[in-house]
Each structure stands twice: as structure tokens, then as C-alpha cells.
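The next block holds one structure in the form of C-alpha cells; read it before the comments.
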Ligand code: SF4
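In the numbering used here, the protein residues as written are 2 to 484.
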């Protein structure tokens, strides 16, 4: 069954132009992604044994996806055995409804959250705010984009598109609204000091915590969270009620599998051996424990994932959300995550968005935002065949007539011209006329009328040879015969 994903309904050219005109975003995204890629290269270069561990992790994860129904069952049994509650949400809305019911039944007045892409996917915050229950993001990047009312622009570094001056402005506005002391400057230390003191109050006041999850260990019923700020520790230990919302594909079989895979997100995403904090939750607070939630609820989200099993796209479910494919992608580095219009940007977003929604949203992604350079394939620690999938999705889009009418018309006309020798020759003659009109100018700007004007703005046209090979051959033959 197809899932539901929120998306930006501005047309692609509008999203693209907004991105290309945002020089600050392009600079910061370019800087962050290049830096991550550089450090990652260094760590693999200096630790040759990592490659063997990565390959083992890929094999074990693929097997876990094949055994997903049984492993999920095992995970649920283990969690429930310790007094926690589990739910299977078929659709995004089901997950939201379950979480809202839990919050309402505890009269929650403030919810704190650690970073989670699946809660972006189901638009949890929006639903809670609508229900009158404020949600506070506690990951620094998420906190920044929450103040900016934006979606994450990178799956690992949600505020990678903003520089520190912009962050200071957001914090200044927040401080003035809350009537509290603003940050002292736009130095990173001052900004983090402000965020820490502000969020600490919320940690203490919250009556419900919400997390995502990086891994679910079926053998032990353990939820594993990896973070770099330690905020997940606070979210999972201070509020009396904890709700963890996790995609079903996060399952791993056992502790041995976890030890192979747990390094991969940090190594491939940010070039470190391990994230700074690893939080493991096995159940609610037991009698005598000093910390931990009194209640723990785990919502396992399907939302189109299960339908990918036993298809050519099954490997997509091995994604560990490390962001390495985004960092390596030359298109992502130029336009950033918001241009994609999907919760999941970059190469993995191009593949997942149409698949999870059965092409209901953003069908332009596989064609418009990929050059098929294969950089993502090389970067992906889980060996997901991203370029092959993108080609396959393009085929489906053409077969199902999902391209815009302009694209369809252009391709049909092109095919008509080039499917006969006469048509091909006429198109070359036309190209020569265009070339004469443009003089020596190679930039196509201003050469194309109407709907093609935008296309011409950023392209250089190749010089058409004065003669085609056939013309040259014909002339050569005639000259040879005359001799
Ligand atoms: S597709 Fe691969 S590289 Fe991209 S986020 Fe997922 S695991 Fe990381």
C-alpha cells in the first residue's frame, strides 16, 4: 500500500530558482557537504579494516529486511514482555493518531523531541501544534529550523543551509518573544549557550518525550539512538512518558549485527568512528530505577515501506540515513535539500519519495535532480543501487505518462524528428540556422523562445559541424568519381 509524504507543492522551476538565488544556502551547503566527504575519505583511508565491517553490515542488514515480519514480531514480543507498548502504523496518519491519543490520555502540555526523520515524514509536530500541544525540538539543528519554520535541508544536518549570522537572528527573535536574555554574539559558543539554557527549561517542564530510532534490535527488544549532542538522553530519561516513532526497516537481528552496523552512520555521514552518544532503551523504568520513563510506547511505521520488499527496490530499506549520498551528490551540493520539495532530499530522496508514495508526489525528482554521475552509489555504505533505481524510476515515469505535458511534447517531437534520416537531417539544418543567428555565441541564453527560454538560460550549445558526416562523404565520393 502506498504511503503518504508531505511535500512542497511549488513547481520544480520555482524551487530550483529559489535555491539557485540563495547564495548563503549554496555556500553553507557546499561547505558542509565537502567537509563531511573529505573527513569520511580520510577515516576510510586510515582504517582499512572498516571496509570489511561495512560489507558484513550490508549482508546482515539485507537478510534482516528479508526476515522483516518475523524480526518485527520478535522485537514487539521482547518490548512488551518488559511492560512497554508497541503499535504498527500502516499509514502516516495512523502513527500521528496513536501518538496524539497517548499525549491526550496523559494531558500532555509540552512535548520534547529528539531528531527524527520519520516524525518529519508523518508531520507529527504540525499535528500536535494543531491539537494545541506544543512540541519543542531539542537537537540544535532541528531547534534552529523549528524557529525558522522550515523543513530539514539535510537528513543529518537539518540546518546545514543556515550560517551563524542567520542563526543569531533567529535566536534574537526567540529571546525577544520569550522575554529572556538573547545570545551575546553570533559566535558558535554563544549560540549554543543560548540554546542550551533555553532548552534546559523545556526538558524539565515536558510531560512527554518523543524520539525516532536508528536501530531496533529484535533479539533483545532494544531501541538504539545515536546523537552527537546528548539530547536524546534527556528526552528519554526526564519526561514520565516516552513515545518512540520508528520506521519498520530499522530492524537488525541481534547484538552482533548491531555492533557491525552501529559505526556506519557516523563513519559515512560525518567521518567519525562513532557518534558522541549512544542511547539504548529496553523498557520503561523498573522499580528502584532512578531515571527513565514510567511508560514507553513504540510506534512502528510502515507508510509504504513493506510494499518495497520482494521488489527490485528492496535494498532501499537498508538505508541508515547517514547522508553520505547527499554529501557526494553534485546536484545536492548546488541546490541544497529544500529544492527537492520532499522530506527526504538528495539521491535517497529521489528514489524513496516516488516509491513510498507510488509516484503520487514529485514525479519530476528522478529526472530533474540527477545527472547519473554515480557518486551516490560510491558513497553509500549500504551499497544501495541508487543510480540503477533512478533509471528504473525514469522508465516507470515515462510508461505511466507522469512527466509534464511540456516534457512529453518535447520528447515526442524529438523522437519524431530523429526516428527518420530525413527528420534527422532537417533538425541539423535547423540547428545550423540557429547557430548562424547566434553568431559565435555559445551561450544559449536568449536563443530559445517561450517555454524553452528558461532551458536556454543555463546552457551552452555545442557547435554544429559545418557538414554532417554524410554530406562530407557524399562530397568526397563525388570528387573521387570525377578524378
Ligand atoms: S542511501 Fe546510502 S548513503 Fe544515502 S543516506 Fe541511505 S545509507 Fe546513507
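For every residue, glycine included, the Cβ atom is placed at its ideal position computed from N, Cα and C.
Query                                                                                                                                                                                                     : Result
Suppose you measure from the CA of residue 474 to the CA of residue 468; what does that come to, to the nearest Å?                                                                                        : 10 angstroms
Roughly how many angstroms lie between the CA atoms of residue 245 and residue 139, to the nearest whole one?                                                                                             : 15 angstroms
Please state whether the Cβ-Cβ distance between residue 281 and residue 225 is less than 9 angstroms.                                                                                                     : yes
Classify residue 374 as buried or exposed, calling it buried when 16 or more other Cβ atoms lie within 10 Å of its own Cβ.                                                                                : exposed
So, residue 82 versus residue 114, is the Cβ gap smaller than 9 angstroms?                                                                                                                                : no
For the alpha helix (DSSP H) containing residue 412, list its first residue and its last residue.                                                                                                         : 406 to 419
Do the region 117 to 126 and the region 298 to 306 make contact, defined as three or more Cβ pairs closer than 8 angstroms?                                                                               : yes
Would you kindly report the start and end of the unbroken beta strand (DSSP E) that includes residue 90?                                                                                                  : 86 to 90
Suppose you measure from the CA of residue 26 to the CA of residue 15; what does that come to, to the nearest Å?                                                                                          : 16 angstroms
Between 149, 153, 156, which has its C-alpha nearest residue 173's C-alpha?                                                                                                                               : 149
Any heavy atom of ligand 1 within a distance shorter than 8 angstroms of the CB on residue 60?                                                                                                            : no
Does residue 185 pass the burial test, meaning 16 or more other C-beta atoms within 10 Å, or should it be called exposed?                                                                                 : exposed
Would you call residue 312 buried or exposed, if buried means 16 or more other Cβ atoms sit within 10 Å of its Cβ?                                                                                        : exposed
Comparing the CB of residue 40 with every heavy atom of ligand 1, is any distance shorter than 8 angstroms?                                                                                               : no
Between the alpha carbons of residue 361 and residue 355, how many angstroms are there, rounded?                                                                                                          : 7 angstroms
Given residue 270, which residues of its chain have a CB within under 7 angstroms of its CB, disregarding the five upstream and five downstream residues?                                                 : 37, 157, 323, 324, 325
Report, in whole angstroms, the separation of the C-beta atoms of residue 154 and residue 338, which I expect to be a contact under 8 angstroms.                                                          : 4 angstroms
Could you check which residue in 283, 267, 195 has the C-alpha nearest to that of residue 276?                                                                                                            : 267
Are at least three pairs of beta-carbons, each pair with one atom in the region 199 to 210 and one in the region 253 to 266, less than 8 angstroms apart?                                                 : no
So, does the region 54 to 63 touch the region 371 to 387, judging by three or more C-beta pairs under 8 angstroms?                                                                                        : yes
Using only the heavy atoms of ligand 1, determine whether one of them is closer than 8 angstroms to the beta carbon of residue 337.                                                                       : no
Let me check you understand the geometry: is the CB of residue 371 closer than 8 angstroms to at least one non-hydrogen atom of ligand 1?                                                                 : no
Can you tell me whether residue 233 sits near ligand 1, meaning its C-beta is under 8 angstroms from at least one heavy atom of the ligand?                                                               : no
At a cut-off of 8 angstroms, is residue 321 close to ligand 1 when judged by its beta-carbon and the heavy atoms of the ligand?                                                                           : yes
So is the beta-carbon of residue 374 under 8 angstroms away from any non-hydrogen atom of ligand 1?                                                                                                       : no
Over the uninterrupted beta strand (DSSP E) stretch that includes residue 298, give me the two end residues.                                                                                              : 296 to 302
Which whole-angstrom value is the C-beta distance of residue 117 and residue 213, which I expect to be below 8 angstroms?                                                                                 : 3 angstroms
What's the C-alpha gap between residue 144 and residue 462?                                                                                                                                               : 45 angstroms
Can you tell me where the alpha helix (DSSP H) with residue 277 in it begins and where it stops?                                                                                                          : First-last for residue 277: undefined, no H or E at that position.
Starting from the C-beta of residue 3, find all residues in its chain whose C-beta is less than 6 angstroms away, skip the five residues before and the five after it, and write them out in chain order. : 305, 358, 359
Is residue 383 near ligand 1, in the sense that its beta carbon is under 8 angstroms from a heavy atom of that ligand?                                                                                    : yes
Could you tell me which residues DSSP puts in a beta bridge with residue 216?                                                                                                                             : 225
In terms of alpha-carbon separation, which member of 169, 345, 162, 102 lies closest to residue 196?                                                                                                      : 169
How is residue 345 classed by DSSP in three states: helix, strand or coil?                                                                                                                                : coil
Measure the beta-carbon distance from residue 347 to residue 363 and round it to whole angstroms, keeping in mind my assumption that it falls under 8 angstroms.                                          : The Cβ separation is near 13 angstroms, so there is no contact.
Would you check if the distance between the CB atom of residue 163 and the CB atom of residue 189 is smaller than 9 angstroms?                                                                            : no
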